[in-house]
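Asker:
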Amino acid sequence: MKQKKTGKHNLWKWGFLTLLAFNIAFVGILALRLGTFREPSSHISQTVSQEDVKIGTFKSSRDQLNDTVQAYLKQYQTKTYSYSFKATSKNVMFEGTYTVLGYKDPLYVYFTPVVLGDGSIQLNVDSVSAGTLSLPVSEVLKFIDANYKLPKFVEVDSKKGTLILNLPKMDNKVGLYAKATDFDLVNDKISFDVYKKK
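The numbering of the sequence shown is our numbering, which starts it at 88 and goes up by one.
1) Pick out the complete alpha helix (DSSP H) segments inside the segment 128 to 182, 4 residues or longer, and give them in chain order.
2) How far does the alpha helix (DSSP H) with N234 in it reach, from first residue to last?
3) Where V187 and L263 are concerned, what is the direct C-alpha to C-alpha distance, given to the nearest angstrom?
4) Assuming K266 and D275 are in contact, meaning their beta carbons sit under 8 Å apart, how far apart are those beta carbons, in whole angstroms?
5) Quick one: using the 10 Å Cβ neighbour count with 16 as the cut-off for buried, is T105 buried or exposed?
6) Mapping DSSP to helix, strand and coil, what is W255?
7) My output table needs one value for T105: the three-state DSSP class, helix, strand or coil.
8) What do you reckon, are the CB atoms on T268 and N211 nearer than 8 Å?
9) Alpha carbon to alpha carbon, how far is D150 from P223?
10) For the beta strand (DSSP E) holding F270, just list the boundary residues, first then last.
11) Taking Y163 as the reference, which of L220, N234, K256 has the closest Cα?
12) Going by alpha carbons, who is nearest to E182 out of L272, I277, F145, A217?
13) From this set, T219, T165, A174, T167, which residue's C-alpha is nearest D271's C-alpha?
14) Nearest-angstrom Cα distance between S148 and F240?
15) By a C-beta neighbour count over all protein chains shown, 10 Å radius and 16 as the cutoff for buried, is F113 buried or exposed?
16) Where does L203 fall in DSSP's three states?
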């Protein structure tokens, strides 16, 4: 004799199997999530060991920056040629003297600053004023490079009409250097990230 199939036994059987499948899936997902690391530890240690340590951010106004730069540049002044860099509301100005036929004329070079990806600042020459003389930009930059004592991290490119301030290459006793992040003279927002060399 055959037993009659009733839907009740089949329904309970399928319900039990479905509940069992959900429980197994839940335990499997839970075990998988608990067993995986959020960040690979080798990646974290590589990042820290290859880079210098950021110790803070330095925010400044034009006036504060001018005072800091002038104090830093005191060690680079000579009896023959002294100079200054000043940030104005529109540009960066180099002020010094230019010697022509034995006469010293006031020299003003105006630059537009651009922050580069590595934290350096590129100063592009806008205009040159040497008394009433009209001088080529490349000659003025060659004169500055040859006669003025500039910091080692300042790179003069007379052909392109630029000065590059390689701030990450600054050298000092404590091993600190800066990377420019914002150099907005119009809105008076100047900021640098400060790093400690390893």
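Using N, Cα and C, we set each Cβ at its ideal position, and we do this for glycine too.
Answerer: Quick look at the numbers:
1) Those alpha helix (DSSP H) runs which fall completely within the segment 128 to 182 and span 4+ residues are 128 to 137, 149 to 160.
2) Counting from 1 along the sequence shown, the entry for residue 234 is found at position 147. Counting along the chain, the alpha helix (DSSP H) containing N234 begins and ends at 224 to 234.
3) Stepping through the sequence shown from its first residue, residue 187 is reached at position 100. Stepping through the sequence shown from its first residue, residue 263 is reached at position 176. Near 40 Å, if we compare the C-alpha coordinates of L263 and V187.
4) Mapped onto the sequence shown, residue 266 falls at position 179. Mapped onto the sequence shown, residue 275 falls at position 188. No, K266 and D275 are not in contact; Cβ-Cβ is about 20 Å, not under 8 Å.
5) Here residue 105 is taken as the residue at index 18 of the sequence shown, counted from 1. By the Cβ neighbour-count rule, T105 is exposed, with fewer than 16 other Cβ atoms within 10 Å of its own.
6) Taking the first residue of the sequence shown as position 1, residue 255 is located at position 168. In the sequence as displayed, the identity of residue 255 is Pro instead of Trp. Looking at P255 - three-state DSSP - the assignment turns out to be helix.
7) Taking the first residue of the sequence shown as 1, we reach residue 105 at position 18. Three-state DSSP puts T105 in a helix.
8) Taking the first residue of the sequence shown as position 1, residue 268 is located at position 181. Taking the first residue of the sequence shown as position 1, residue 211 is located at position 124. Going by C-beta atoms, T268 is not nearer than 8 Å to N211.
9) For the purposes of this step, residue 150 is identified with residue 63 of the sequence shown, where counting begins at 1. For the purposes of this step, residue 223 is identified with residue 136 of the sequence shown, where counting begins at 1. Each residue's Cα considered, the two are about 30 Å apart.
10) One-based indexing of the sequence shown puts residue 270 at position 183. 263 to 271 is the span of the beta strand (DSSP E), which, as asked, contains F270.
11) Within the sequence shown, residue 163 is the residue found at index 76, counting from 1. It is N234.
12) As a position in the sequence shown, residue 182 is number 95, starting the count at 1. Of L272, I277, F145, A217, the smallest CA-CA separation from E182 is found for A217.
13) Along the sequence shown, read from residue 1 onward, the residue named residue 271 stands at position 184. That would be A174, whose Cα lies nearest to the Cα of D271.
14) Within the sequence shown, residue 148 is the residue found at index 61, counting from 1. Within the sequence shown, residue 240 is the residue found at index 153, counting from 1. Their Cα atoms are separated by approximately 22 Å.
15) If you number the sequence shown from 1, residue 113 lands on position 26. It counts as exposed.
16) Position 116 of the sequence shown, counted from the start, is the residue given in the question as residue 203. Here L203 sits in coil by DSSP.
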